[in-house]
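Protein chains in written order, with my numbering: chain A, 38 to 318; chain B, 38 to 318; chain C, 38 to 318.
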Amino acid sequence: MTLSSSAVAPDLDAVIAAHAALRSRKPLVQALTNAVSTNFVANALLAAGAAPAMVDNPEEAALFAGIADAVLINLGTPTAAQVESMRLAAAAAQKAGKPWVLDPIAAGALPWRGAVAAELLQFKPAIVRGNASEIIGLAGLGGGGRGVDSSADPAAAVPAAVDLLAHAAAVSASGPVDHVVGRVDGRPTLVKVGGGSVWLTRVTATGCALGALAAAYASVAPDALTGLVAAHVHFAAAAEIAAENARGPGSFAAAFLDALDAVDEGALRRLAKIEPAVAAG
Amino acid sequence: MTLSSSAVAPDLDAVIAAHAALRSRKPLVQALTNAVSTNFVANALLAAGAAPAMVDNPEEAALFAGIADAVLINLGTPTAAQVESMRLAAAAAQKAGKPWVLDPIAAGALPWRGAVAAELLQFKPAIVRGNASEIIGLAGLGGGGRGVDSSADPAAAVPAAVDLLAHAAAVSASGPVDHVVGRVDGRPTLVKVGGGSVWLTRVTATGCALGALAAAYASVAPDALTGLVAAHVHFAAAAEIAAENARGPGSFAAAFLDALDAVDEGALRRLAKIEPAVAAG
Amino acid sequence: MTLSSSAVAPDLDAVIAAHAALRSRKPLVQALTNAVSTNFVANALLAAGAAPAMVDNPEEAALFAGIADAVLINLGTPTAAQVESMRLAAAAAQKAGKPWVLDPIAAGALPWRGAVAAELLQFKPAIVRGNASEIIGLAGLGGGGRGVDSSADPAAAVPAAVDLLAHAAAVSASGPVDHVVGRVDGRPTLVKVGGGSVWLTRVTATGCALGALAAAYASVAPDALTGLVAAHVHFAAAAEIAAENARGPGSFAAAFLDALDAVDEGALRRLAKIEPAVAAG
Numbered sequence: 038m039t040l041s042s043s044a045v046a047p048d049l050d051a052v053i054a055a056h057a058a059l060r061s062r063k064p065l066v067q068a069l070t071n072a073v074s075t076n077f078v079a080n081a082l083l084a085a086g087a088a089p090a091m092v093d094n095p096e097e098a099a100l101f102a103g104i105a106d107a108v109l110i111n112l113g114t115p116t117a118a119q120v121e122s123m124r125l126a127a128a129a130a131q132k133a134g135k136p137w138v139l140d141p142i143a144a145g146a147l148p149w150r151g152a153v154a155a156e157l158l159q160f161k162p163a164i165v166r167g168n169a170s171e172i173i174g175l176a177g178l179g180g181g182g183r184g185v186d187s188s189a190d191p192a193a194a195v196p197a198a199v200d201l202l203a204h205a206a207a208v209s210a211s212g213p214v215d216h217v218v219g220r221v222d223g224r225p226t227l228v229k230v231g232g233g234s235v236w237l238t239r240v241t242a243t244g245c246a247l248g249a250l251a252a253a254y255a256s257v258a259p260d261a262l263t264g265l266v267a268a269h270v271h272f273a274a275a276a277e278i279a280a281e282n283a284r285g286p287g288s289f290a291a292a293f294l295d296a297l298d299a300v301d302e303g304a305l306r307r308l309a310k311i312e313p314a315v316a317a318g
Numbered sequence: 038m039t040l041s042s043s044a045v046a047p048d049l050d051a052v053i054a055a056h057a058a059l060r061s062r063k064p065l066v067q068a069l070t071n072a073v074s075t076n077f078v079a080n081a082l083l084a085a086g087a088a089p090a091m092v093d094n095p096e097e098a099a100l101f102a103g104i105a106d107a108v109l110i111n112l113g114t115p116t117a118a119q120v121e122s123m124r125l126a127a128a129a130a131q132k133a134g135k136p137w138v139l140d141p142i143a144a145g146a147l148p149w150r151g152a153v154a155a156e157l158l159q160f161k162p163a164i165v166r167g168n169a170s171e172i173i174g175l176a177g178l179g180g181g182g183r184g185v186d187s188s189a190d191p192a193a194a195v196p197a198a199v200d201l202l203a204h205a206a207a208v209s210a211s212g213p214v215d216h217v218v219g220r221v222d223g224r225p226t227l228v229k230v231g232g233g234s235v236w237l238t239r240v241t242a243t244g245c246a247l248g249a250l251a252a253a254y255a256s257v258a259p260d261a262l263t264g265l266v267a268a269h270v271h272f273a274a275a276a277e278i279a280a281e282n283a284r285g286p287g288s289f290a291a292a293f294l295d296a297l298d299a300v301d302e303g304a305l306r307r308l309a310k311i312e313p314a315v316a317a318g
Numbered sequence: 038m039t040l041s042s043s044a045v046a047p048d049l050d051a052v053i054a055a056h057a058a059l060r061s062r063k064p065l066v067q068a069l070t071n072a073v074s075t076n077f078v079a080n081a082l083l084a085a086g087a088a089p090a091m092v093d094n095p096e097e098a099a100l101f102a103g104i105a106d107a108v109l110i111n112l113g114t115p116t117a118a119q120v121e122s123m124r125l126a127a128a129a130a131q132k133a134g135k136p137w138v139l140d141p142i143a144a145g146a147l148p149w150r151g152a153v154a155a156e157l158l159q160f161k162p163a164i165v166r167g168n169a170s171e172i173i174g175l176a177g178l179g180g181g182g183r184g185v186d187s188s189a190d191p192a193a194a195v196p197a198a199v200d201l202l203a204h205a206a207a208v209s210a211s212g213p214v215d216h217v218v219g220r221v222d223g224r225p226t227l228v229k230v231g232g233g234s235v236w237l238t239r240v241t242a243t244g245c246a247l248g249a250l251a252a253a254y255a256s257v258a259p260d261a262l263t264g265l266v267a268a269h270v271h272f273a274a275a276a277e278i279a280a281e282n283a284r285g286p287g288s289f290a291a292a293f294l295d296a297l298d299a300v301d302e303g304a305l306r307r308l309a310k311i312e313p314a315v316a317a318g
């Protein structure tokens with residue numbers, strides 16, 4: 038296997054270019070996601086400038102993966118039929134060369150879905166996105182040996198994220214500072230993205246929406262790492278804008294969708310908090 | 038078969054009368070809809086003045102169609118079990134003389150659900166509602182021969198809508214100007230409804246909510262064409278009111294539900310944009 | 038069977054203590070709920086200070102009931118697979134000594150789910166919560182003999198609620214004044230909770246969110262009756278705060294989530310409307 042690698046580490050200019058590509062190309066994202074998040078994920082994609090399609094039955098999932106620009110597979114509330122759809126969509130996306138994102142919710146904590154997540158890794162997601170314990174848990178399932186860790190610190194998930202580069206081109210662990218890992222010139226590299234808002238932790242499905250945004254960006258960026266960093270930056274900037282007007286989690290959720298739409302090049306330049314890339318692992 | 042027909046083309050007075058009937062009778066709408074839209078469809082029905090019930094399992098779908106005043110069948114995210122429920126609910130609604138609405142999302146583009154949609158037409162929906170390409174696609178499946186067309190212009194869907202009058206009493210294609218087709222005094226007739234807001238295209242499930250509103254109105258209006266025109270006018274007026282206060286898609290969605298509730302006779306008189314009926318097809 | 042009983046009737050001080058416990062312990066609530074409510078229930082739990090997990094497949098439901106602090110089972114849109122999950126989760130919760138809440142939506146009106154509800158009662162929910170006709174309907178299924186009653190007056194549901202104390206430690210019927218029943222010192226006792234907002238009846242899934250909040254409180258309160266009263270008081274106070282700023286059902290829904298978060302001890306002291314407990318049944 039040829040390991041995916043970026044030519045250069047993504048920086049603000051690369052994020053701005055990816056954002057412009059998203060807005061002009063309006064990629065179609067097929068989302069096989071959990072029941073809690075379907076509406077919010079679709080609205081987040083529309084607000085950010087992409088188009089959603091929640092085709093997740095076994096009869097249509099593979100066909101649609103050939104039509105969509107990218108695929109999101111989120112393990113939040115899997116059913117037997119949806120898992121079958123996930124296998125079909127991931128295989129079809131891989132075959133068609135479409136990027137797909139794995140969001141392995143609770144995969145390290147619940148054995149049934151853990152087995153599903155481990156099986157799906159064979160279809161080589163462009164991106165794996167989760168919180169720190171999910172990334173650590175998934176890497177443990179994948180043979181990385183670190184097992185489940187309850188730590189919420191994304192920094193602790195970097196070694197696990199590097200392990201997962203055996204399966205995916207880019208991996209991120211969300212947190213107060215998001216940690217994004219990929220290969221640059223062949224070498225494991227870490228890009229940290231700051232900003233965001235604590236309100237994100239008080240609204241359900243925000244992480245799921247970030248995974249969907251990562252899928253959209255992966256289909257328009259030059260490589261998965263750049264797409265994943267761009268998704269995190271767009272997402273964090275929108276959260277900061279939304280937090281200015283939020284009176285609580287309900288008004289934050291609506292303001293966040295408004296802000297996903299409002300984020301433009303100026304907002305990215307003003308709000309992006311991308312630390313210089315460093316070696317990882 | 039006796040083709041359904043209105044005695045006169047619906048106008049503003051007919052819409053106002055239908056709105057008054059909706060508010061006084063609060064019809065119960067059984068919605069078999071997609072996973073993305075369930076919450077928004079239920080809230081839109083409640084806001085407009087109807088009552089929702091999302092009974093969509095095969096064990097209860099037929100029984101409940103006999104209890105409800107109208108039924109919505111939306112093909113956005115069909116599963117095998119939900120499709121079985123759709124067959125049962127459509128058959129039960131037809132048998133009980135309850136109006137039902139078919140929203141054939143992507144039926145022309147995806148063969149599996151296309152076959153489902155074509156099969157459901159045998160149960161004679163009161164209304165078919167979709168965007169232009171969905172109406173064209175569904176007519177193609179039904180033997181109209183026009184096939185799928187990617188045009189977003191509702192005017193291009195009028196011939197397909199007229200074809201579908203072989204199965205349904207009224208058909209509409211949503212767009213910047215909604216095109217609503219039915220029979221008046223036996224002749225195919227087109228009523229155009231303007232207004233609305235571009236924000237409707239940036240919030241998921243708004244079209245689904247319109248389909249649900251059409252079901253509610255079909256159960257209280259004198260005929261399906263009048264009910265469908267009334268639903269489009271109520272919907273478009275609410276969107277115009279909501280757009281005045283929206284700062285983006287998130288605040289628009291909340292303001293739209295507020296406005297569905299706020300639309301009264303005065304708002305209909307002020308905002309309704311109904312063009313005089315003309316011959317169609 | 039030992040009937041559950043509170044030592045003393047819950048009052049404002051008990052509610053304030055339960056609220057403080059909720060905020061400090063952030064209980065994890067497993068919600069097996071209907072498709073309309075998943076997002077709103079999760080957001081309501083997060084806003085109130087708890088944590089949601091919508092694990093409702095048969096493969097994981099029982100395992101997760103052992104991990105969660107409480108379980109919500111809501112019969113709004115049951116599927117065959119979800120019903121199997123409900124049986125497994127209820128049995129596992131009972132075995133593990135975790136409180137679980139039954140929200141028997143339409144159980145008295147639809148025979149299939151009525152049989153499910155009656156079967157689930159054997160697993161001894163800590164709490165049954167519904168509107169008046171649902172409580173009356175469920176009691177009828179359980180052998181109480183009162184059958185279905187369409188009355189919306191919670192007072193009329195008190196005898197049925199007392200009947201249900203054979204299965205559950207506390208039972209409530211929601212309405213303009215919520216009627217909450219449990220045993221105090223062994224005797225059936227009624228606590229009425231006033232307040233709230235008529236907007237609650239115009240937003241879908243608010244009752245479902247109250248059931249989820251009851252599960253959260255049941256896991257941190259000294260007994261089920263105290264937890265259920267605390268959930269009703271927190272909920273009603275939030276509704277009153279939200280109604281002050283609402284312009285309609287859409288803005289009310291967002292403001293309600295804001296208010297679930299904002300309710301603190303001061304708001305409880307200012308807004309709680311708990312009538313002195315009286316004998317019931």
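Cβ coordinates follow ideal geometry from the N, Cα and C atoms, glycine included.
Annotation: C/Leu69 to C/His216 spans about 24 Å, alpha carbon to alpha carbon. Contiguous alpha helix (DSSP H) elements confined to the stretch 83-154 of chain A occur at 98-104 and 117-133, taking only those with 4 or more residues. Within the stretch 115-133 of chain A, the residues whose Cβ lies closer than 7 Å to any Cβ of chain B are, in chain order, Ala118. The stretch 219-281 of chain A contains, as complete beta strand (DSSP E) runs of 3+ residues, the segments 224-230 (chain order). Taking a cut-off of 8 Å for Cβ pairs, the stretch 273-290 of chain C and the stretch 158-178 of chain C do not touch, as fewer than three such pairs fall below it. Distance from the Cα of C/Gly174 is smallest, within the candidate group C/Leu147, C/Ala90 and C/Pro213, for C/Leu147. Contact annotation: the stretch 76-86 of chain C does not touch the stretch 113-132 of chain C, with fewer than three C-beta pairs closer than 8 Å. For B/Asp93, the CB contacts under 6 Å within the same chain, skipping 5 residues up- and downstream, are Leu69, Gln119 and Ser122 in chain order. Residue environment analysis places A/Glu96 among the buried positions, since at least 16 neighbouring C-beta atoms fall within 10 angstroms of its C-beta. At a cut-off of 8 Å between C-beta atoms, A/Asp301 does not count as an interface residue with respect to chain B. DSSP, reduced to helix, strand and coil, places B/Asp200 within a helical segment of the structure shown. For C/Val165, the secondary structure class from DSSP, reduced to helix, strand or coil, is strand. Chain C places no beta carbon closer than 8 Å to that of B/Asp140, leaving this residue out of the contacts. Among the residues of the stretch 224-242 of chain C, those with a Cβ less than 9 Å away from any Cβ of chain B are Thr238, Arg239, Val240, Thr241 and Ala242, in the order of the chain.
Under the Cβ criterion of 8 Å, C/Asp295 is counted among the residues facing chain A. Across the set B/Pro162, B/Val221, B/Leu65 and B/Lys132, the C-alpha of B/Val221 shows the shortest separation from the C-alpha of B/Ala44. Scanning chain C for C-beta atoms nearer than 8 Å to the C-beta of B/Glu97 yields Leu147, Trp149 and Arg150, reported in chain order. Under the 8 Å Cβ criterion, the stretch 240-249 of chain A does not count as touching the stretch 197-204 of chain A, having fewer than three qualifying pairs.
The C-beta of A/Thr75 comes closer than 8 Å to at least one C-beta of chain B. Its chain contains Gly86 as the residues whose beta carbon lies nearer than 8 Å to that of C/Arg60, once the 5 sequence neighbours on both sides are disregarded; these appear in chain order. Taking C-beta atoms as the reference points, B/Asn71 and B/Thr114 count as a pair closer than 8 Å. Taking the beta carbon of A/Ala72 as reference, the chain C residues within 7 Å of it are Ala72, Thr75 and Met91, listed in sequence order.
Under the Cβ criterion of 8 Å, C/Ala291 is counted among the residues facing chain A. In this structure, B/Glu302 lies near B/Ile53, with their beta-carbon atoms less than 8 Å apart.
A distance of 8 Å or more separates the beta carbons of B/Ser209 and B/Leu250.
DSSP lists B/Ile110 as the beta-bridge partner residues of B/Leu69. According to DSSP, residue pairing for C/Ala210 in a beta bridge involves C/Gly167 and C/His216. Identification of chain B residues near A/Asn80 by a Cβ-Cβ cut-off of 8 Å yields Val240, Thr241, Pro286, Gly287 and Ala290, ordered along the chain. Judged by beta-carbon spacing, B/Gly285 lies within the 8 Å limit of A/Asp295, meaning their Cβ atoms are closer than that value. Here C/Thr75 has Met91 as same chain residues with Cβ atoms under 7 Å from its own Cβ, once five neighbours each way along the sequence are excluded. Between A/Ala309 and A/Ala274 a beta carbon distance of about 6 Å is seen, short of the 8 Å cut, so the two are scored as contacting. Contact between C/Ala107 and C/Pro136 holds: CB atoms are separated by about 5 Å, below the 8 Å threshold.
In the DSSP assignment, C/Ile53 falls within the alpha helix (DSSP H) that extends over Leu49 to Arg62. Each residue's CA atom was taken as its position, placing A/Arg306 and B/Asp50 some 53 Å apart. Relative to the Cα of A/Thr116, the nearest Cα in the group A/Ala102, A/Val153, A/Leu82 and A/Thr226 belongs to A/Val153.
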